[in-house]
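Asker:
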Ligand SMILES: [Zn+2]
Ligand SMILES: [Zn+2]
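In this note's numbering, the protein residues as written are 34 to 328.
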């Protein structure tokens, strides 16, 4: 933080947004910022688009937003970056929409029992699990509701897989996927008290915690390898673009069946990745980082 900026308290920032007129102003400015269309609106044009009667009332609410969520320029008003993020959250339905997708079968086998996998979405979480009742849960990830509403299954699966892969790549690099803060990772002992402790698709859990936003996520050790260059090039050398594969179809990532612990204090392990009859073995330390790659 520079010393001449004064932070807004979180309750003040949210209080600023707690007004229907202000949300209409943010929406009007966000709607105006489509490519090819000027993203600055003059006072009267903004008032017209936001459909707010009473110039005094409009002026009062607009002025409250200026500084934090709206920028005032010589050419008119536009959203500041925090304003853009508020607009995106509104559009994505993150805080408002509810969407439910009933379970549907996937073209992928359960890595634990060999039955089919299924996907479902409710309470803002996308779930990929075993459809045969072996209790294996492969992924359980937050997705904004409106990105999944009224889309066909293939489009949804592609979007969710990409989202999961991007988040895994980010946490594997120690960068928080939500706030860009620093993430600490530690491998938990098998007897740690955890949510989903009886999930047979996870044996070696890694807890990642952000030092800035307190965001946490559990992964398997193999999950952290989906974007590793040795893994991507191993598949590429076999004519496979692994970055286009659904993450729940990758047995080394979506389950622990390819992971073997070789030490417990400190933890050491090996993840075996197979393609076309060849094997790539990655040795991990307790960081967990790849310390050796063998093919
Ligand atoms: Zn199963
Ligand atoms: Zn964070």
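Virtual Cβ for every residue (Gly too), placed ideally from N, Cα, C.
1) Residues in the same chain with beta-carbon distance under 8 Å from residue 36, minus the five sequence neighbours each way, listed in chain order, please.
2) According to DSSP, what are the bridge partners of residue 172?
3) So is residue 34 buried or exposed if we call it buried at 16+ other beta carbons inside 10 Å?
4) Helix, strand or coil for residue 300, going by three-state DSSP, please let me know.
5) My guess is that residue 50 and residue 119 are in contact by the Cβ rule of under 8 Å, so how many angstroms apart are they, rounded?
6) Hey, is residue 248's beta-carbon within less than 8 Å of any beta-carbon in chain B?
7) Please list, in chain order, all residues of the same chain as residue 257 whose beta carbon is under 6 Å from its beta carbon, the five residues on each side excluded.
8) Just how far apart, CA to CA, sit residue 172 and residue 107?
9) For residue 214, verify whether its CB is less than 7 Å away from any heavy atom of ligand 2.
10) Given this structure, state the Cα-to-Cα distance separating residue 280 from residue 156, to the nearest angstrom.
11) Rounding to the nearest angstrom, what Cα-Cα distance links residue 74 and residue 110 in this structure?
12) Does the region 241-250 come into contact with the region 263-275, if we say contact requires no fewer than three beta-carbon pairs (one atom in each stretch) closer than 8 Å?
13) Identify which residue in 308, 52, 161, 72 has its Cα closest to the Cα of residue 232.
14) For a test of the three-state rule: what should DSSP assign to residue 273, helix, strand or coil?
15) Round the Cβ separation of residue 158 and residue 175 to the nearest angstrom and send it over; I've been treating them as touching at under 8 Å.
Answerer: On the basis of the supplied data:
1) With a pLDDT of 44 at residue 36, under the threshold of 50, the modelled position of that residue is not reliable, and no figure is offered here.
2) The bridge partners DSSP lists for residue 172 are 161.
3) In this prediction, residue 34 scores a pLDDT of 43, lower than 50, which makes its location untrustworthy; no coordinate-derived value is stated.
4) strand
5) 7 Å
6) Of the chains in the structure shown, none is chain B; there is only one protein chain.
7) 205
8) Rounded to whole angstroms, residue 172 to residue 107 spans 49 Å at the Cα level.
9) yes
10) 22 Å
11) 5 Å
12) no
13) Ranking the options by Cα distance to residue 232, first place goes to 161.
14) coil
15) 6 Å
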